[in-house]
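For reference, the structure is listed below as structure tokens.
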Amino acid sequence: MLTFALRRAVLGIFVLFAVSVLVFVAFRFIPGDIVDQQLSEAGAVTPELVAQKRAEMGLDKPLLVQFTEWGRGVIQGDLGNSLWTGRPVLDQIRSALVPTLQLSMLGIIIGAVLGIGSGVASALWTGTPADVALRMASTVFLAIPQLWMGLMTLTGLAAIGYYIPIPYRPLMSDPLTNLQQIIFPALALSLGVAAALSRMTRSAMLEVTGADFIRAARARGVSPGDVYMRHGLKNAMIPVLTLLGTQFSNLLSGTVIIEQIFNIPGLGNLLFEAVANRDYPTVQAAVLTYGLLTIVVNLLVDLSYGLVDPRIREARS
Amino acid sequence: MAAPPVLDVQGLAVTYGTLEVCSDVSFSVGRGRSLALIGESGSGKSVTVLAIAGLLGGGGAIARGSVTLEGAEISRLSPKERRRARLMGRRIGMIFQNPSRALDPVYTIGQQLNEALALTGITAKADCRRKGTEWLRHVGLPDPEEALDRYPHQLSGGQRQRAMIAIALASEPEILIADEPTTALDVTIQAQVLNLIRRLQRELNLALVLVTHDFGVVAAMADDVAVMYAGQVVEVGAVADIIRRPVHPYTRALLSSLPTGKPGGRIEALAGSVPTAVDMPSGCRFHPRCGIAEGKCSVTAPRLEPSTYGRLLRCLNAEELRAHAI
Amino acid sequence: MPAGAVPADTLLTVKDVSVRYPIRRGFFQRVVGHVGAVDGVSFDLKRGETFALVGESGCGKSTLGRAILRIEDLAAGSITSAKETRSFRERARQAQVVFQDPLGSLDPRWTVGSLVAEGIDVHRLARGPERDAMVRTLLSQVELPASAVHKFPHELSGGQQQRVAIARALAMRPELIVLDEATSALDVSVQAQILNLLKDLQVEYGLTYLFVSHDLTVVGQFADRVAVMYLGRIMEMGRASDVLTAPQHPYTRALLASSLKVDAEARIETIPLLTGDVPSLRNPPSGCRFRGRCPVVQPGCASLDFRMTTSGGRQIAACLAHGNS
Amino acid sequence: MSHAAQAIAEDIAPRRASRTRKILAALIRQPVGCTALVFLTVILVMALVAPLVSPYDPLFQDRRAILQPPSATHWFGTDDIGRDVFARTLYGARISLFVGLAVVSVTTVIGGLIGLVSGYFGGWIDTIIQRLVEVLDTLPSLVMSLFIAAMLGPSIRNVIIAVTLAQIPRFVRVVRSEMLKVRTHDFVAASRVLGASALRIILTHGVPNLIPTMLVLGSLVFGIAIMTEAALSFLGVGTPPPNPSLGTMLSQGTRFIGIAPWLIVFPGLMLTVSVMALNLIGDALRDVLDPQRQ
Amino acid sequence: AQDSPQSGGMVRINVHAEVPNFDPLASTEFGKHSRLGLALSKLIDWTTGPDIGYGQFVPEPSLAKSWEISEDGLTYTLHLREDVVWQDVAPVSGRPFTAEDVVATFEAMRNGGVQEGLLADVAEITAPDDHTVVLRLNQRNVVLLQNLAHQNMWILPKEAFDGTYDRNTTVIGTGPWIMTTNEPGVATRYERNPTYFGKAEDGTQLPYLDSVEILPITDLNARIMAFRSGQVDIWFGPLNMTQMAAIQKQLPDLNDIRTVSNTQTELYLNPAFEPFSDLRVRQAINMAIDRQALGEVIRGGGELGGVVGPALSAQTLPTDERIALYGTPDAEGARALLAEAGYPDGFSFELTALNYGEEFMREAEWIQQDLAEIGVTAELRMIDKLAGMTLGQEGGFEALFLVMSPFAEADEYLSTHYLPGANRNYSKVDDPELTAMIEEQRTIADPEARQQKLWEIQRYIAENVQTTLPIWASELLHPSHARVHDWRPMMPQGFPSLTEVWVSE
Ligand SMILES: Nc1ncnc2c1ncn2[C@@H]1O[C@H](COP(=O)(O)OP(=O)(O)OP(=O)(O)O)[C@@H](O)[C@H]1O
Ligand SMILES: Nc1ncnc2c1ncn2[C@@H]1O[C@H](COP(=O)(O)OP(=O)(O)OP(=O)(O)O)[C@@H](O)[C@H]1O
Ligand SMILES: [Mg+2]
Ligand SMILES: [Mg+2]
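Chains as they are written, first to last, in my numbering: chain A, 1478 to 1794; chain B, 22 to 347; chain C, 14 to 338; chain D, 46 to 339; chain E, 8 to 512.
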């Protein structure tokens, strides 16, 4: 298992490398650079000043040199300083990562609890009005774009006169306020996840309940509850876990939007601003972080299969 | 068959929605006896035994007929009542065709055994282990102690089927139902497993209902045989007797279409194929394929009636045939 | 071997054929090992005969059949035929196949007509009405009604599906048809029909069959010669009547003993049993591959070299108990 | 793809036509599929004939009627420069559907082709393709699209490119794994024995057997494309004004949250209903095309 | 409530963008320099007061208590206050302020600072003694005094330039408040600077407020919520009229202060592109746009743009003249001009709009519809801000629509737009006559005469050049809660009047 995880980690690094090369090259095609941004509200500007500032930031060097310098830094754990803020990129990523992680974690947890719970209930009550209602709800929520969900949440809150406290408070400094700020966006994110998981759980449960080993368990006198939860749910978890992984990626996409709507200084906002400012090191780092998150989550999902399914656990050792 | 039968099935009919996939199945098994249910694919063997075990799923229901277990009618019981009557596992044990699919892949053999042991009141961890090991040893698994902690996929097909048998027997049932328990196995393994089932059945004095489509298995395993065709039992009798003197035209055709193993020579093939529930012929269900069918056969549906030597026959020409056969 | 070296009555010579499946692992799908599904198998196929391959599941029967059809690459050895062929297109006229699972071997999205005509279309043998006529003829040859043309496979019974597969193979007018457990999935009554049909076709068109099966009774009735395989190797080979009535290799004997006969006197208790399971092909036992389960195993079996010896028109794998090592 | 391909295409053409009709017929018989189909058709038709149905020009600024709430004259109200929200929603759906359709077509063709090749041939081609897919798939799809769109600049064409590139991996992955499954079927082996070429097998066995998967996946990707287009437009890197993309409209509406909810409610509803119709069609197709239910 | 100022209390101000860093030399953006102003001072400041207009520059002594300008206008002698000490923040820790600090700051600005352009005409900076600074100019430039009061011209201690501390993160000045904590994206807190040199007229130590908190809230709705719920006292940054009306409904007695924006939208036409090479076509475009209605509908107020932005009320053309030039749409006349130029059926061109947000895009769409009226099709293309600026500098556009930088001097407008090679001269204007006029106005010391010259230039541009069409300067809303008093927003950044703000409890 450990070697499996390690090997996956190494391969993940390869993938990240490829991604960062792609991003590095592609991003330079966008016209304009940080110096233009810094001087965007200046009056008279001489070309000499522009050239001087560019050189200060190493933007005049060949692309390959810039990339190797950046890459060398990354290997030594130094993501460089932001061209825009001058602060270490690592610090920025760290403080932006917390709310994003919080959002996505909370979103996935709420989504998983709601989704798996309602999926199990729905499968249990197959054909009853409750099942129909749950399925309809999941169909609707699955179709609501996170964008709209976020906006409608905001509209709803405005309608009832509830104000999300401002400004954003980091988790560490003010957990209570932070929760008040995170909970609604997380909820807005989680409903789609819940809907997807609910559907998947339901169909996986139904599929599993038709399996021979369920019949066999019933035949050997296992109580219906145990058949359902012990044998049914555990086996149904495998496709659900896969979906959980893809949903996480989906959720990360969603945070980009939700952070904009709810004004949360997360990774998405950071990336968005960095792109607008042509803050190359920050863009690179943010992209790497997204990639890393995806890879880690996929790895976790893969590892969790092993927890559920001994066959997979075995194949890996 | 002097002793009253443990299991007695009379006129059992099973429907899935409007489809009657099994209509009029009758047979009985006594303690320590083994009965084989044979018939071609789709003839309703599995449905019959699932109905007996109370495992009809997906909209299946017993429409008519009775199933009595030691004199008590069980066919009308709800799942709850079945559990209360301790039918599931405790009195009726079941082995399935495909051991790879009938064992839950995410639990060890031991964990699944424990579920069965719990029915007999054994729940303490140490007791479970001891008893579990005992059962696995009983079915001849090598390293029974260690096998308890194995997952199904870590066993070979034959071993899995043995584990399945151990689990089915661990709750000490009175009746063992085995639905094609060896079809998925190789001949050498099949022989081992069948031998084991037979041995245990004798030792534990179980009533065995064995579903198969292989006359070789019937010959080797069963005391009695019920031949099924298109959802009906068409002939019931002692195995040796039926193999020697099949009476029903279908039984005869079935036996003669078996390859003999003699080189060359055509096989006497039975034309056509088993009808399905949607296009069931009128009258005798076998008449379109029957060599001796007459006009009445397409009109009148024959009933399963006793004949000589304790034989039951479903044929309008039963009398003639019997005379002919003997 | 040049084509000329093949004797006139021999259709195909299989010589020391091995087939291995790679086991892949990891990110770059590296090959980390091999399954030696077929390991050093040799035999000749005579024109017009039915040659049976029997053995337990996973012993490599199908793989050998696929190798002969050239849809599996050979790791070693050679397969030579009287007619030199280079491409799949040419080979198609030489050898065809009927698989075990009738539904899986028929594309569910195709009609019977197009399925039967697939070879005709691939080789542009005929077009338009001429093609349709050929299809009708083929259907009647396998005793299917012409009305089946527009049906989809799932609308047919298992026996009918198998007839479609046979018709598809026949369309190429091949010399050899590999029947990979072509009747195993069928009911006995239907199996009998198909076996009869195959026999008729063989007589009519002088077909050669490579008959893969695990049912010794069927083989006894249907095959001229038989090769018994175990873990990728042939253990015994010879005339079906000889091998199945007087088996010599301990494995053949065990296999025969285990197969149940429809006999009023037969009792399961009387059958001699083999112990243990079939070992894995990934790391087969050294020496004689059967030694782990052999009732007459001896200390020397572990170092016994695999070799076929011939005696009285029969070939037997080296065996200490049999004394032919 | 030469003569052979053409001939093969001719071979399978009639089959496909009748299949399409069959699938449609089956869909209509299914309650969910039927409802979804009706919804989608209504949206599609309205979008297509928007110029005829629409009471106003979606770009026309009625500068005397700004931020009007929904009324008989302006069903969905007006925006902050007096444009009719109903007309804009209709045209927005038109853009969304166009983007979705374009993305789905391009993804299906490119992703499908890559997936088919990767799945059929396996080996190093497959390995390389898989690794590439993995790289493309490392970023969350919206981040990926965002990045590409930012790089190319806002325009409908670029949105299509951005969404397509982000969705192709999903397609390749699924098609490949389905092709792997199809490849193991004996009918493929039988075809090879009959002498059929790889191209022929892919086209005659691979493609038809993958059509159900592709249809289901296509409806899914269609929905995702619509949502991504909206998200990108919302973030200002998608469909640029004055085109009334649903996402652009939402973005405009955010400035009037709590004041002019109709600016958010209607485009969002349109978005949701379109996606829902597509999801439902996907579901229905999955049911209809499931061989076990055929 | 009281009506006389009292000390104490705190206000919270929202801003709409986070600052990247606190280095005044690194970049020009509005938000940063606004916030620096709480802690830093300039040599000369803008006078604020109830009677002084938003964009009206009246020099007020700050760190420089007085100054003299030589007859030839080439030598500026500034006398510095002697009672000023730096804030008690390490590593400067309350050291007295001297001329050395000014020299160090100006030298750094001239060498790679974004203020380089403001000191372009300065040849030499010397400090004859600790409290005198002398600036020697290459050429006459009457704007220099105002340049010294420019929003970017914060004076830093000399330690800021020798690496003693990091300008990015540490702010040490002589201003009214000391920056105590800064949580990026959350809040920046400022506490009263006890050693601040400013005094009120009655001698009270300034500032009145004990502390100020700046809350960067990028999202409009979040900001509105924060303001409505009282989490913010002073609104700073964009707000549209509709939202303002809604806020006012809830908070009827808030201080409703409105000023004209110091930025304006501008439409660059590229004469290198065929139809726009013809002055008549450019004039026709100008005549087609109904700016007044645009401002009314989209911005809900504001003023007609000008060659020099309308916020510079003393320098831009008088309102009626601007209305005549830009505020009287005439579709008929435009069509006639087009016909005259050979485009009776109009033409189409690509209108590239930089992405400055929703209202801005609405203006672009508005212009599009106005142009359609005269048969000219503008294909709207949206582009990222920086990409747009690059496009402008490279001249690869047909028409470019953007928001101009906040300039505080007519000279900035003129020299950046119309001098050959200048960085905002996207239309590549090279008119020797115009160049001469622009250079000339810098040397006119007499305010009246200079104003006349500036007007002359603007008229010349409107008649003969017309490459950059000024569109609209919107109305800026500066609402504050009722407890806030004497808040007078002023054009240059840095909240110059905040020292005089006080709160009632
Ligand atoms: N869940 C079900 N729903 C509907 N029909 C069913 C179901 N299960 C079985 N049937 C039908 O009942 C009939 C009898 O099936 P059954 O499985 O009992 O046959 P069998 O004799 O066991 O055949 P085999 O030898 O193939 O196992 C078949 O026609 C089958 O299609
Ligand atoms: N594509 C493959 N990749 C890897 N291993 C394979 C592959 N196909 C077959 N094998 C392995 O090769 C061995 C021989 O397989 P083969 O299918 O030839 O057996 P068989 O004798 O036909 O068995 P059966 O009677 O079950 O059909 C088996 O162990 C199987 O697991
Ligand atoms: Mg069955
Ligand atoms: Mg095989």
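Think of the CB as a built atom: it goes at the ideal place given N, C-alpha and C, for glycine as much as any other residue.
- Between residue 30(E) and chain A, the shortest Cβ-Cβ separation is below 8 Å.
- At a cut-off of 8 Å between beta-carbon atoms, residue 66(B) makes no contact with chain C.
- Only 1726, 1729, 1730, 1733, 1734 and 1737 from the region 1724-1743 of chain A bring a Cβ to less than 7 Å from some Cβ of chain D.
- For residue 97(D), the enclosing alpha helix (DSSP H) stretches over residues 95-98.
- If only complete runs of 4 or more residues are kept, the region 136-164 of chain E shows the alpha helix (DSSP H) at 151-155, in order along the chain.
- A residue is called buried when at least 16 other Cβ atoms come within 10 angstroms of its Cβ; residue 496(E) meets this threshold and is buried.
- The region 20-28 of chain E makes contact with the region 236-243 of chain E, as at least three CB pairs between them are under 8 Å.
- Non-local C-beta neighbours of residue 1512(A) in its own chain, meaning closer than 7 Å and more than five positions away in sequence, comprise 1527, 1530 and 1531, ordered along the chain.
- Taking all protein chains shown into account, residue 1613(A) has fewer than 16 neighbouring C-beta atoms within 10 Å of its C-beta and is therefore exposed.
- For residue 203(C), same chain residues with a beta-carbon under 7 Å away, outside a window of 5 residues either side, are 171 and 172 in chain order.
- Boundaries for residue 253(B): no alpha helix (DSSP H) harbours it, while the beta strand (DSSP E) harbouring it runs 253-259, taken from the DSSP string.
- By the rule that beta-carbons nearer than 8 Å mark a contact, residue 1787(A) touches chain B.
- Not one heavy atom of ligand 1 lies closer than 7 Å to the C-beta of residue 30(B).
- Taking the Cβ atoms as the reference, residue 213(E) lies roughly 14 Å from residue 510(E), outside the contact range of under 8 Å.
- With respect to the 8 Å criterion, residue 298(C) and residue 289(C) are not classified as neighbours on the basis of their beta carbons.
- Of all residues in the region 38-65 of chain B, the ones placed with a Cβ closer than 7 Å to any Cβ belonging to chain C are 61 and 62, in chain order.
- Ordered along the chain, residues surrounding ligand 3 are 66(B), 67(B), 118(B), 200(B), 201(B) and 232(B) [Cβ under 7 Å from any heavy atom].
- Short note on residue 194(C): C-beta closer than 7 Å to some heavy atom of ligand 2.
- By the C-beta density criterion, residue 66(D) is exposed, having fewer than 16 other C-beta atoms within 10 angstroms.
- Taking CB atoms only, residue 234(B) has a neighbour in chain C less than 8 Å away.
- Pairing residue 205(B) with residue 133(B) gives a Cβ-Cβ distance that is not under 8 Å.
- Chain order gives no chain D residues near residue 193(E), where near means a beta carbon separation below 9 Å; the closest approach is about 22 Å.
- Between the alpha carbons of residue 448(E) and residue 473(E) lies a gap of roughly 20 Å.
- Closer than 7 Å to some heavy atom of ligand 4: that describes the Cβ of residue 74(C).
- Taking a beta-carbon distance threshold of 8 Å, residue 1544(A) does not count as an interface residue toward chain B.
- Checking the DSSP bridge columns, you'll see residue 48(C) partnered with 34(C).
- Under the DSSP assignment, residue 103(C) falls in the alpha helix (DSSP H) whose first and last residues are 101-105.
- Closest in C-alpha terms to residue 216(B), from the list 161(B), 232(B) and 166(B), comes 161(B).
- Counting along the chain, the unbroken alpha helix (DSSP H) around residue 159(B) starts and ends at 146-159.
- Within the DSSP secondary-structure output, residue 91(C) pairs in a beta bridge with 28(C).
- Looking at the backbone, the Cα of residue 36(E) and that of residue 257(D) are separated by about 55 Å.
- Take the alpha-carbon of residue 1686(A) and the one of residue 107(B): they are about 22 Å apart.
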